[in-house]
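Engineer:
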Amino acid sequence: MNNRTTLAVATLLLLLSPCFLPLPAQASNGTLTLSPSQGTVGTVVSIPSTCGYGSGTYQVIWDDDQIIGEGQVSQGCVSVTFIVPEAPRGKHKVRLKVADKVISGEFTVVASISLTPTKATVGSEVTISGKGFNANESGIQVLFDGNAVKTGITASGRGSWETTFKVPASVRGNHKVSAQGTTPASEVGELTFTVLPRITINPTSGSVGTVVSIVGTGFTSGETNIRVTYDGMVTKSGIAADATGSWQSSFSVPASARGSHDIGAVGAVTPEEEIAKVSFTVSPVIKVEPASGYLGDAIYVGDSLWVNGIGFEANESGIRVTFDGTQVASNIVADAKGSWSTKVEVPQTVKGKHTIGASGNVNKPGEIPEVVVVVSPKVELNPATGAVGEEVMLVGSGFAASQALIISYDGTQVAANATTDTKGNFATRFKIPPSKAGDHTITVTDATASVSSVKFAVESTPPSTPRLLSPEAGTRLGVIGKTEVSFDWEEVTDPSGVFYTLEISPTSDFSGTVLRKDGLGASEYTLTEKEALPRGKYYWRVKAVDGAGNESAWSTAQMVEVSAMQWWLIAVIALGASLLIVIIWRIIHVVRSSGLED
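For the sequence shown, position 140 (counting from the first letter as 1) is numbered 394 according to my numbering, and the numbering increases by one without interruption.
Next comes the structure, spelled out in structure tokens:
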């Protein structure tokens, strides 16, 4: 073929080329072709080969009047795209208007949901949005693994809704989230939500020794050998999760320095790196406890107290302890875990609340909470045992300052003019008043109601049994009428002083006592005229009683006989005596007369 022929053929093909171009993609009835023709709100839809519908300015119209796209149709036959707008579930009219031509088609909207975020821990709040549901659809509920986690949702007129829900207790891994109402869940479809393991603690700050509650969620169902770590060291073990992968436990914050510390967890299945660590902040504190005795016991002046510091800076130096702001210990150094301990003595001070504080080169004064201790009044007695009448020294501390005191012995005031000094101290002496053997309470009270007491034990040793001296056993006494008998016995001594009891009875068992004399201060007694004994046999005995009421045994009784003569016998004797006197006088007279005659 020559050049002319070739040129002619080429020109012919060029003129016929429009006849070989593909026809516009439209149905035989003239409907608009959409790709895809069904989908969710937000789907990108394409209208291919728009040049087949004409050229010029175009608009894409959703339903009756919503313009969702516009531009120019060029000779290049490019596709036109649009995004499905917010609309309720079902079929919607889509029209393409090119110049003065309008081509229509249909797009079916199906329901859909979206989640934000798509992975989180149990208890986290998740936002779920629904689109393409029925207009104003009510009774919509959100399903998590088939279980409703949110209900009572109502869609808008365009079939859209949005709500939040909290991730329920569930195991680690993937879970299905869906929604349903009038619109079935099968049409909505499912989204995957990933549950992550998590630990939470309460509280998140405190001092060493604080009991911390820890809760784990999102672990494997029934997972065992779960361990809690504090700065990488296991502080609690042997924990098991329940069927939902949840567990809870507690631990005490171990000795550690001031600042933030990591708390983690690991299980037999759940690796440590999947679990975000939480932070516990240790703050320094001091704790005070008695060096002897128990917590809660009363604290007195002179008592020794342990002051323990915990949670200080590691190896902190220059630590000082104060009592009411006055330094009582210094040059203390904390160990690598911020702990230290020292012993202090409660200084001379008044009763009531007092503060113990601490500071160091890092922890400045006022940064660490002070500990309040309550000083109580206290009295001491020397000696604490003894006899009635013995002088004792009573010393007290921890009372109110410059106060007059009332000192009582079994409720009876025994000392006057005792007062405290400016630091609540006092000292006084007094003698133990008459009182029974055993314990007696000495109480000290000031005007501010400070009260303290101490026991004094009065000796309980009985005095010796007196030995009877006179009259001796079998002695006969008396001449005329009743006899005022004098009794004498051996003196007995006792630290509490001694009194005597004398008994006189006509019977040896003293069942018919004639006379009893108590509280005799001397070791002898003479009966008065009213007490004089008539003729007869009598038994007498004595016992000693000391000032504390301790009694000796009775002495061995002795019999004495009062043998006064009868009046007629006395008259006869008197008459005989008179006659004898007369006879003697007569003899003397005769003798004298004879002498004169010679």
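For every residue, glycine included, the Cβ atom is placed at its ideal position computed from N, Cα and C.
Quick caveat: nothing in here was measured; it's all calculated off a predicted structure.
Express the C-alpha separation of T755 and G678 in angstroms, rounding to a whole number.
Structural biologist: Using only the alpha carbons, I get a separation of about 47 Å.
Engineer: Can you tell me where the beta strand (DSSP E) holding A374 begins and where it ends?
Structural biologist: Here the beta strand (DSSP E) through A374 covers K373 to T375.
Engineer: S514 and T535: beta carbons closer than 8 Å?
Structural biologist: Contact flag set, yes.
Engineer: How is the beta strand (DSSP E) around E324 delimited, first residue to last?
Structural biologist: Q320 to V327 is the span of the beta strand (DSSP E), which, as asked, contains E324.
Engineer: How would you call W415, buried or exposed, if buried means at least 16 neighbouring beta carbons within 10 angstroms?
Structural biologist: W415 comes out buried.
Engineer: Just checking, does the segment 588-597 make contact with the segment 549-569 on the three C-beta pairs under 8 Å criterion?
Structural biologist: With a cut-off of 8 Å, the segment 549-569 and the segment 588-597 count as touching, because enough Cβ pairs lie within range.
Engineer: Identify every run of the beta strand (DSSP E) within the segment 325-396, keeping only runs that are complete inside it and at least 3 residues long; order them along the chain.
Structural biologist: As far as the segment 325-396 is concerned, its whole beta strand (DSSP E) runs of at least 3 residues are 334-337, 344-352, 355-363, 366-370, 373-375 and 379-385.
Engineer: Can you tell me the Cα-Cα spacing of G652 and V698, whole angstroms?
Structural biologist: About 12 Å.
Engineer: Short of 8 Å in beta carbon distance, which residues of its chain neighbour P276, apart from the five on each side in sequence? Order them along the chain.
Structural biologist: Residue confidence is low: P276 scores 40 on pLDDT, short of 50, so the model does not pin down where it sits. No coordinate-derived value is stated.
Engineer: Under 8 Å, do V705 and E634 count as touching if we go by C-beta distance?
Structural biologist: No.
Engineer: Quick check on the burial criterion: 16 or more other C-beta atoms within 10 angstroms. Buried or exposed for Y779?
Structural biologist: Classification of Y779: buried, given that the 10 Å Cβ count is 16 or more.
Engineer: Excluding the five sequence neighbours on either side, which residues of its own chain have a C-beta within less than 6 Å of the C-beta of K385, listed in chain order?
Structural biologist: Here the set comprises V295, S366 and S414.
Engineer: Starting from A439, trace the beta strand (DSSP E) both ways and give me its first and last residue.
Structural biologist: No beta strand (DSSP E) holds A439; the alpha helix (DSSP H) holding it covers A439 to V442.
Engineer: Would you tell me roughly how many angstroms separate the C-alpha atoms of P525 and N479, rounded to the nearest one?
Structural biologist: Computed Cα separation, rounded: 12 Å.
Engineer: Near E644, what residues of its chain come up, given a Cβ to Cβ distance below 6 Å and the 5 sequence neighbours on each side ignored?
Structural biologist: Taken in chain order, the residues that qualify are I686.
Engineer: What is the DSSP secondary structure of G306, reduced to helix, strand or coil?
Structural biologist: The answer is helix: DSSP assigns G306 an H, G or I state.
Engineer: What residues match up with G513 in a beta bridge as DSSP calls it?
Structural biologist: Looking at the DSSP assignment, G513 forms a beta bridge with V536.
Engineer: Over the uninterrupted beta strand (DSSP E) stretch that includes Q871, give me the two end residues.
Structural biologist: Nothing about residue 871 can be read from this structure; the chain reaches only from 255 to 852.
Engineer: Taking C-alpha atoms, which residue in I540, Q581 and I573 lies nearest to V587?
Structural biologist: The option with the nearest alpha carbon to V587 is I573.
Engineer: If you pair each beta-carbon of the segment 796-814 with each one of the segment 835-849, do three or more pairs fall below 8 Å?
Structural biologist: Contact between the segment 796-814 and the segment 835-849 is absent, because fewer than three Cβ pairs lie under 8 Å.
Engineer: How big is the Cα-Cα spacing for S459 and G486?
Structural biologist: Rounded to whole angstroms, S459 to G486 spans 18 Å at the Cα level.
Engineer: On the criterion of 16 or more Cβ atoms from any shown chain inside 10 Å, does R730 qualify as buried, or is it exposed?
Structural biologist: Counting Cβ neighbours within 10 Å, R730 comes out exposed, since fewer than 16 surround it.
Engineer: Whose CA, out of G803, K420, V327 and T676, lies closest to the CA of A374?
Structural biologist: Considering only alpha carbons, the answer is K420.
Engineer: Is S467 closer than 8 Å to G499 when the C-beta atoms are compared?
Structural biologist: No. Outside cutoff.
Engineer: Among P371, V462, V561 and E391, whose alpha-carbon lies nearest the alpha-carbon of V431?
Structural biologist: For the residues P371, V462, V561 and E391, the minimum Cα distance to V431 belongs to P371.
Engineer: Can you tell me whether DSSP reads I480 as helix, strand or coil?
Structural biologist: Strand.
Engineer: Measure the C-alpha to C-alpha separation of Y312 and V356 and round it to an integer number of angstroms.
Structural biologist: Between Y312 and V356, the C-alpha separation is close to 9 Å.
Engineer: Quickly, what does DSSP pair R730 with across the bridge? List them, please.
Structural biologist: In the DSSP output, where bridge partners are listed per residue, R730 has E815.
Engineer: Check each candidate in G470, T747, K607 and A638 and name the one with the smallest Cα separation from V625.
Structural biologist: Per the Cα distances, K607.
Engineer: Compute the Euclidean distance between the alpha carbons of S937 and S510, then round it to the nearest angstrom.
Structural biologist: Any property of residue 937 remains undetermined from this structure, which presents the chain solely from 255 to 852.
Engineer: When you compare each of V327, V403 and C331 to S352 by their alpha carbons, which one comes out closest?
Structural biologist: The sequence given here places Val at residue 352; Ser does not occur at that position. Closest option to V352, Cα to Cα, is V327.
Engineer: Determine the direct distance from the alpha carbon of V376 to that of P422, and round the result to whole angstroms.
Structural biologist: Rounded to whole angstroms, P422 to V376 spans 6 Å at the Cα level.
Engineer: Could you tell me the boundaries of the beta strand (DSSP E) in which Q667 lies?
Structural biologist: T666 to A669 is the extent of the beta strand (DSSP E) around Q667.
Engineer: Note down, in chain order, each residue of its chain lying with its Cβ closer than 6 Å to the Cβ of V649, except the 5 sequence neighbours on either side.
Structural biologist: Hits under 6 Å: E634 and A681.
Engineer: At a cut of 8 Å, does the segment 402-412 reach the segment 443-462 through at least three beta carbon pairs?
Structural biologist: Cβ pair count under 8 Å is below three, so no.
Engineer: In angstroms, rounded to a whole number, what distance separates the CA positions of T609 and F577?
Structural biologist: If I take the Cα positions, the gap works out to 6 Å.
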